[in-house]
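In our numbering, the protein residues as written are -1 to 77.
And the structure:
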């Protein structure tokens, strides 16, 4: 089984990944320090997941902004 952790450099991912590695293959995706470059605020047509992924664990978060566009981006990324 191959699992992709989105938000792979998050605090939660750092705790989850070692536990999963004992029984499954784990890849990470995110903006920095991950196996796969991925920014969930990219346009939809730019988002590509690696082939052969059986499950995705979403741990990424966007904390919004002070304007409407920032809040909308946070909603799109987090939901």
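No residue lacks a Cβ here, since even glycine has one placed at the ideal position from N, Cα and C.
Per DSSP, the unbroken alpha helix (DSSP H) holding residue 71 starts and ends at 66 to 76.
Contact check for residue 56 and residue 6: beta-carbon distance about 11 angstroms, past the 8 angstroms limit, so the pair fails to qualify. Rounded to whole angstroms, residue 9 and residue 59 show a C-alpha spacing of 11 angstroms. Pairing residue 77 with residue 38, the inter-Cα distance amounts to about 10 angstroms. Apart from the 5 residues on each side of it in sequence, residue 68 sits with its Cβ closer than 7 angstroms to the Cβ of 62 in its chain, given in chain order. Cβ contact annotation for residue 53 (same chain, cutoff 6 angstroms, sequence separation greater than five): 1, in chain order.
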